[in-house]
Amino acid sequence: MRTNRVRERLRAGRPTVGCFLGLGSPSVAELLGHAGFDWLVVETEHNGLDSAEIQHMLMAIASSEAVPIVRVASANPVFIQRALDLGGEGILVPLVRTAAEAEAIVRATRFPPAGTRSWGPLRASRYTFDNRDYMDRANDNVLVALILETREAVENLDAIAAVPGVDVIFLGPADLSLAYGVDFLTGFHPPVEAAIEKMIAACRKHGKASGIGDTTAAGIADWIERGCTFMTYSTDYSLLAGAVRDGLAELRALPAFGAP
17 MRTNRVRERL RAGRPTVGCF LGLGSPSVAE LLGHAGFDWL VVETEHNGLD SAEIQHMLMA
77 IASSEAVPIV RVASANPVFI QRALDLGGEG ILVPLVRTAA EAEAIVRATR FPPAGTRSWG
137 PLRASRYTFD NRDYMDRAND NVLVALILET REAVENLDAI AAVPGVDVIF LGPADLSLAY
197 GVDFLTGFHP PVEAAIEKMI AACRKHGKAS GIGDTTAAGI ADWIERGCTF MTYSTDYSLL
257 AGAVRDGLAE LRALPAFGAP
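Structure follows, in structure tokens:
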């Protein structure tokens, strides 16, 4: 199996940038992989992708240097198992609330005796051709990233960040804003800002990477300056919508398209 370059980079304290894939298009996934993202997340929490579609997305990403990650629907070990067996080199788990949940997630990514993962990585082991290599290296190669997006998670942040085997703590500002009763569409409100600072401090204390998203280079530069290294730059559909919106606005502004 190939070495997880993102995991190595994060452990060295170096920033990475990725993008979420919600359209379910292998072609778009392949395009963004070759565009130069460090990692790409196949979204399975908020859409209806089946196993075959997830595998096709992961295959497309793997044609590039980008590390394929799957945002699983929940912490259910069945979803984690499927994501890794299909070729995911990392998992992003939503709605993690406690250290006990984080520990169970880590165990689900490890083969015994370190964990509870069942053997069956058909595509991940190159269809059995790399069984020995995968068995020997998988436990130390899979990226484990957790999304914290509830008040309970913020209260337990230090304990969650202390869990061995967790690589990334990612704050979900939209759902966290909803949990605090504030409007995320108008920016980060004080309780969310406080949670972000708490996350960055806890990750620094326990040697974990902290993550958050932004849609501008200036914004990402600011987060990196504050200590974040797992940076999300937009989504496939937002990039497409933005390009179409801006391009079409320029076209419609041409004199030829003016009122008759």
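According to the numbering used here, the sequence shown is numbered sequentially starting from 17.
All residues carry an ideal CB built from backbone N, CA and C; glycine is no exception.
Computed from a predicted structure; not experimentally measured.
C-alpha gap between residue 247 and residue 200, whole angstroms: 18 Å
Residue 55: first and last residue of the uninterrupted beta strand (DSSP E) it sits in: 55-59
Between residue 185 and the rest of its own chain, which residues show a CB-CB distance below 8 Å, the 5 nearest in sequence each way excluded? 161, 162, 164, 173, 176, 177, 215, 218, 219, 224, 225, 226 and 227
Per-residue burial, residue 79 [other beta carbons within 10 Å of its own, 16 or more giving buried]: exposed
Assign residue 150 to one of two classes, buried (16 or more other C-beta atoms within 10 Å of its C-beta) or exposed (fewer than that). buried
Would you grab the beta carbon distance between residue 32 and residue 39 for me? Rounded to a whole angstrom, and I think it's under 8 Å. Residue 32 to residue 39, Cβ: 22 Å. No contact.
N-terminal and C-terminal residue of the alpha helix (DSSP H) that residue 254 is part of: 252-268
Output the distance between the C-alpha atoms of residue 99 and residue 28, rounded to the nearest integer angstrom. 26 Å
Which residues does DSSP list as the beta-bridge partners of residue 32? 246
Rounded to the nearest angstrom, what separates residue 147 and residue 136 at their Cα positions? 10 Å
Below 9 Å between beta carbons: does that hold for residue 52 and residue 84? no
Using 9 Å as the threshold, is the C-beta distance between residue 45 and residue 96 below it? no
Measure the beta-carbon distance from residue 124 to residue 132 and round it to whole angstroms, keeping in mind my assumption that it falls under 8 Å. 6 Å
Between 158, 57, 19 and 260, which lies nearest to residue 110 when the distance is taken from Cα to Cα? 57
Which one of 81, 244, 253 and 71 has the shortest CA to CA distance from residue 18? 81
Alpha carbon of residue 153 to alpha carbon of residue 250, nearest angstrom: 31 Å
Who pairs with residue 84 in a beta bridge, going by DSSP? 56
Ignoring anything shorter than 4 residues or poking outside the segment 146-196, list the alpha helix (DSSP H) runs there in chain order. 147-153, 167-171, 173-177 and 189-196
Using the three-state DSSP reduction, which class does residue 49 fall into: helix, strand or coil? helix
Can you list, in chain order, the residues of its chain whose CB lies under 7 Å from that of residue 138, leaving out five sequence neighbours each side? 101
Beta-carbon spacing of residue 192, residue 232 below 9 Å: no
Which residue from 23, 37 and 187 puts its Cα closest to that of residue 255? 37
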